[in-house]
Each structure stands twice: as C-alpha cells, then as structure tokens.
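I have placed the structure first, in the form of structure tokens, so that the comments after it can refer back to it.
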Amino acid sequence: MITRADFDFHTNDGTDRTWTETIGGVFSVPEAGILANVYVLARPNLGVVTSCVNVHQGLCTTPYEIDFHDPQVHLPCPSSFSSFTLDSGMGVEVDSSGGYRMTYRSADGNCSFDLDYSPIMAPWDMHDPATNPLLPADGLKDADTGLGAGWAHGHFDLINEITGTLRLRGREYEVRCTEGMDHSWGPRPETGGQDVAVTWLHVTFGRRFGMHLAAALEIEDGEVRYGPVRFGYVVEDGEVTGIESAEIIGETDHLIPVRNHITARDARGREWEFGGASVGGAPWYSWNPFTCSFSSLMRYESGTGEVGHSMMTDVYGLEFLADRMSRHGISRRTAHPGGTR
Numbered sequence: 130m131i132t133r134a135d136f137d138f139h140t141n142d143g144t145d146r147t148w149t150e151t152i153g154g155v156f157s158v159p160e161a162g163i164l165a166n167v168y169v170l171a172r173p174n175l176g177v178v179t180s181c182v183n184v185h186q187g188l189c190t191t192p193y194e195i196d197f198h199d200p201q202v203h204l205p206c207p208s209s210f211s212s213f214t215l216d217s218g219m220g221v222e223v224d225s226s227g228g229y230r231m232t233y234r235s236a237d238g239n240c241s242f243d244l245d246y247s248p249i250m251a252p253w254d255m256h257d258p259a260t261n262p263l264l265p266a267d268g269l270k271d272a273d274t275g276l277g278a279g280w281a282h283g284h285f286d287l288i289n290e291i292t293g294t295l296r297l298r299g300r301e302y303e304v305r306c307t308e309g310m311d312h313s314w315g316p317r318p319e320t321g322g323q324d325v326a327v328t329w330l331h332v333t334f335g336r337r338f339g340m341h342l343a344a345a346l347e348i349e350d351g352e353v354r355y356g357p358v359r360f361g362y363v364v365e366d367g368e369v370t371g372i373e374s375a376e377i378i379g380e381t382d383h384l385i386p387v388r389n390h391i392t393a394r395d396a397r398g399r400e401w402e403f404g405g406a407s408v409g410g411a412p413w414y415s416w417n418p419f420t421c422s423f424s425s426l427m428r429y430e431s432g433t434g435e436v437g438h439s440m441m442t443d444v445y446g447l448e449f450l451a452d453r454m455s456r457h458g459i460s461r462r463t464a465h466p467g468g469t470r
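Quick note on numbering: our numbering labels position 114 of the sequence shown as 243, and the sequence is numbered without any gaps.
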C-alpha cells in the first residue's frame with residue numbers, strides 16, 4: 130500500500146551507490162500536438178540528481194527536430210524528494226494528498242512551465258497482490274518488469290488531471306490534460322540494457338476514466354511486437370481495479386508508436402477496447418544514458434464519443450536495440466539463428 134511517505138526518499142542503508150529514486154512526469158497540449166516529459170532521477174547515496182525536460186510538437190523522427198531539450202546531470206541531490214528546487218530551474222512540491230506542483234524555467238528562457246497535478250485516484254502499487262493480479266506468486270524479479278531493476282523494488286503509478294501554462298520559444302500554451310506519472314525506488318545499476326524492452330502507456334478520458342498498461346516488447350525482422358502484458362490497472366470514477374489480461378497491437382515509424390489497438394480485461398471481468406493514433410512523437414535519448422524512450426501522444430475515442438489524449442512510450446535498452454538492429458547484431462543473428470551470443 131502506498132502512503133504519503135512514499136512520495137519522498139525511502140530509507141536505505143546508504144551503502145548501495147546505485148540506489149535510485151525517480152519521478153516521471155508527463156504533460157501535453159493535445160490541440161497543438163505537443164508532448165512533454167519531465168524526469169528527475171536521484172541517487173541520494175552519491176549526492177547527485179539528474180533533471181531532464183523534453184518537449185516536442187508533431188512527429189519528430191530525429192532528435193534535432195525536438196523543440197526543447199534540457200538534460201542536466203550531476204546536480205546536487207536535494208534532501209527531500211517531495212519539496213525541492215534544482216539548479217536546473219526545476220521545482221517540485223507535493224501536497225498532503227499527493228498532488229504535485231511542478232515548475233521550471235530554463236536558463237536560456239526558451240522554456241518554462243507552471244503546472245498543478247491533481248490525482249484522479251489513489252496511487253497504484255504494482256507490488257501489492259491485492260491490486261495487481263499479474264504479480265508473480267513468488268514476487269517480482271528484475272526480468273518480470275521489462276525495465277530491469279527500474280521497477281522491481283518499489284514503484285507506484287498515478288493518473289493526474291494537469292492544469293497550468295507552458296511557454297515554449299516565445300509562445301504560451303494553456304495546459305489542460307490527463308496523464309500518467311510514476312515514482313520508482315531501489316537499486317538501479319546502469320547495466321543490463323540488453324534486457325530492457327517495455328511499453329508504458331495510459332488511456333485517459335478526463336477525470337472519469339483511465340487505464341495503464343506495461344507490456345513487453347520484441348523486435349522481429351525490424352517490426353515491433355507487443356506482449357505479454359506485465360501489469361496494469363483501470364480507474365473509473367476513482368475506483369481502481371487491476372488488469373488480469375491485455376493485448377496490444379501497434380504500428381511504429383522509426384520505432385515511434387503511431388497507431389495501436391488495445392484490448393484488456395480487468396479483475397472484475399470487465400472488458401475494454403481502444404484504438405489510438407499519434408498526433409506527435411519523438412525519440413528521447415537523454416533521460417537515462419543506456420536507454421531510449423520512443424514517446425508518442427496518442428488520440429483515443431471512447432465508444433460514447435469521448436476524446437482523450439495520453440502518452441504511449443516504448444522504452445528500449447540501447448544494447449537491446451543494437452543486438453537486433455545494428456549491422457553487427459543483425460549479422461550475428463543471421464549467422465546464429467535463435468541465439469545472440
């Protein structure tokens with residue numbers, strides 16, 4: 130069960146230099162095709178933190194098309210993970226109910242935002258068997274998550290209604306969207322990229338409804354395949370139910386998701402079906418040095434005609450990609466079918 134204390138740093142013995150705590154925030158301006166990722170990765174035992182802001186409009190298949198990018202590493206780590214301001218210009222405050230306020234102003238003045246994240250649900254604990262029907266009986270291992278150690282020790286997911294303003298290269302936008310975010314904690318070495326391949330997505334329709342899914346990825350002959358599902362949940366009018374099965378079929382452009390079809394069944398036996406189409410996406414290489422997140426803002430329409438927008442991102446270890454898509458990786462797979470080593 131997640132409590133307010135889990136929004137802050139977690140107690141550890143201080144000796145593991147890989148101990149990591151993260152905040153992954155997302156927001157969008159759907160009518161403008163703008164998607165933004167806000168990421169904080171702290172290593173409190175090393176005394177350092179990474180701050181990254183990434184904003185793009187429309188489809189950007191190459192990093193140089195991204196509208197704004199500010200990754201800063203080795204900043205001084207704050208003493209609190211629920212109330213801090215970083216030298217990068219990013220500020221985070223968490224209120225007593227778990228609502229975030231995120232602010233940012235770049236040093237060059239090209240990007241700033243002031244955002245309130247209002248939860249539509251209680252945080253969902255992927256390690257709680259009472260809320261996660263797909264949790265293995267013997268507990269979660271690194272290999273079960275698709276993100277290696279990243280989610281294997283402590284992780285919650287949360288959907289928020291987000292309001293505020295974004296200023297991007299001289300233009301101001303009103304932000305009003307519903308998006309997912311998460312917080313992870315535990316040992317997280319920057320190795321094992323050959324085993325990292327997972328999609329992380331939400332489907333949202335305002336405060337009324339949200340769905341979260343994480344599913345494994347594979348690339349076969351250059352084509353992305355989704356599944357099996359790792360975990361997920363549905364929230365409807367504030368009530369959260371775990372996902373017990375799901376299937377994702379998708380299309381990509383330069384590994385960026387551009388279309389999907391989702392079917393899911395929750396622990397109450399309810400079935401859900403959605404189709405999404407991208408209104409903008411980009412590769413995000415700088416959030417973590419050994420991975421890339423191919424992110425896309427997807428447009429969904431419900432059976433009753435509601436329209437919602439939310440992010441789908443396919444996360445790969447760079448070594449996973451090299452093994453399947455580099456010249457040497459393809460050559461070895463061709464020479465040794467069924468094995469990569």
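All C-beta atoms, glycine included, are put in the ideal place defined by N, C-alpha and C.
Using the Cβ count rule (16 or more neighbours within 10 Å means buried), how would you classify residue i?
{"i": "A236", "result": "exposed"}
{"i": "A259", "result": "exposed"}
{"i": "H438", "result": "buried"}
{"i": "Y229", "result": "buried"}
{"i": "T132", "result": "exposed"}
{"i": "S225", "result": "exposed"}
{"i": "G398", "result": "exposed"}
{"i": "S460", "result": "exposed"}
{"i": "P248", "result": "buried"}
{"i": "S407", "result": "buried"}
{"i": "G227", "result": "buried"}
Among the candidates the options, whose CA atom is the shortest distance from the CA of residue i?
{"i": "Y302", "options": "G162, N141, Y362, A451", "result": "G162"}
{"i": "G218", "options": "V155, G227, P200", "result": "P200"}
{"i": "W280", "options": "T463, P466, V444", "result": "V444"}
{"i": "D137", "options": "A464, P173, L204", "result": "P173"}
{"i": "H284", "options": "R234, A451, M130", "result": "M130"}
{"i": "N417", "options": "T151, T140, E400, C306", "result": "T151"}
{"i": "V169", "options": "P265, S415, R388, T463", "result": "S415"}
{"i": "A411", "options": "W401, S422, L263", "result": "S422"}
{"i": "C206", "options": "F213, V178, T232", "result": "V178"}
{"i": "P159", "options": "I385, Y429, F210, R462", "result": "Y429"}
{"i": "R234", "options": "T140, A464, V167", "result": "V167"}
{"i": "V436", "options": "A266, V364, T333, P265", "result": "T333"}
{"i": "Y246", "options": "G154, E368, V364", "result": "G154"}
{"i": "R388", "options": "T433, G434, M427", "result": "M427"}
Quick check: what's the CA-CA separation for residue i versus residue j?
{"i": "L215", "j": "A393", "result": "40 Å"}
{"i": "L175", "j": "F449", "result": "28 Å"}
{"i": "G405", "j": "E380", "result": "10 Å"}
{"i": "C181", "j": "S157", "result": "16 Å"}
{"i": "V202", "j": "S208", "result": "17 Å"}
{"i": "F242", "j": "V353", "result": "34 Å"}
{"i": "G371", "j": "S431", "result": "20 Å"}
{"i": "L295", "j": "M250", "result": "25 Å"}
{"i": "S425", "j": "T190", "result": "11 Å"}
{"i": "L204", "j": "E402", "result": "43 Å"}
{"i": "D350", "j": "A451", "result": "13 Å"}
{"i": "G299", "j": "D382", "result": "30 Å"}
{"i": "R453", "j": "E194", "result": "25 Å"}
{"i": "I385", "j": "I348", "result": "13 Å"}
{"i": "D257", "j": "C306", "result": "28 Å"}
{"i": "T140", "j": "R337", "result": "35 Å"}
{"i": "R456", "j": "R462", "result": "10 Å"}
{"i": "V507", "j": "P262", "result": "This structure cannot speak to residue 507, because the chain is shown only from 130 to 470."}
{"i": "D366", "j": "G458", "result": "47 Å"}
{"i": "G134", "j": "H282", "result": "At residue 134 the sequence reads Ala, which differs from the Gly that was named. Each residue's Cα considered, the two are about 16 Å apart."}
Going along the chain, which residues of its own chain have a beta-carbon closer than 7 Å to the beta-carbon of residue i, five neighbours each way excluded?
{"i": "A345", "result": "G275, A326, V327, G356, P357, R359"}
{"i": "R143", "result": "Strictly speaking, residue 143 in this sequence is Gly, with Arg absent from that position. Contacts found: N174."}
{"i": "H390", "result": "I378, G404"}
{"i": "Q186", "result": "A161, G162, I163, D196, G409"}
{"i": "E319", "result": "P418, F419"}
{"i": "P192", "result": "P412, Y414"}
{"i": "D145", "result": "N174, P316"}
{"i": "S293", "result": "It should be pointed out that residue 293 corresponds to Gly in this sequence rather than to Ser. Hits under 7 Å: F242, D243, L244, D245, V304."}
Quick one: what's got a C-beta closer than 6 Å to residue i's C-beta in the same chain, skipping five residues either side?
{"i": "L330", "result": "L342, M441"}
{"i": "G220", "result": "T214, T232"}
{"i": "S211", "result": "F136, D137, V223"}
{"i": "L264", "result": "P258"}
{"i": "H198", "result": "N183"}
Between residue i and residue j, which are expected to be in contact by the criterion C-beta below 8 Å, what is the C-beta distance as a whole number of angstroms?
{"i": "L244", "j": "I291", "result": "6 Å"}
{"i": "T149", "j": "W314", "result": "7 Å"}
{"i": "A171", "j": "N183", "result": "About 18 Å; that fails the 8 Å criterion."}
{"i": "E373", "j": "A396", "result": "5 Å"}
{"i": "G339", "j": "V364", "result": "5 Å"}
{"i": "L188", "j": "C240", "result": "Between C240 and L188 the Cβ distance is about 20 Å, and since that is not below 8 Å, they are no contact."}
Starting from the C-beta of residue i, find all residues in its chain whose C-beta is less than 8 Å away, skip the five residues before and the five after it, and write them out in chain order.
{"i": "D286", "result": "P252, W253, M255, G309, M310, D311, H341, Y362"}
{"i": "H446", "result": "Residue 446 is actually Gly in this sequence, not His. These residues qualify, in order along the chain: G277, G321, G322, Q323, D324, V325, A326, F419, T420."}
{"i": "H465", "result": "none"}
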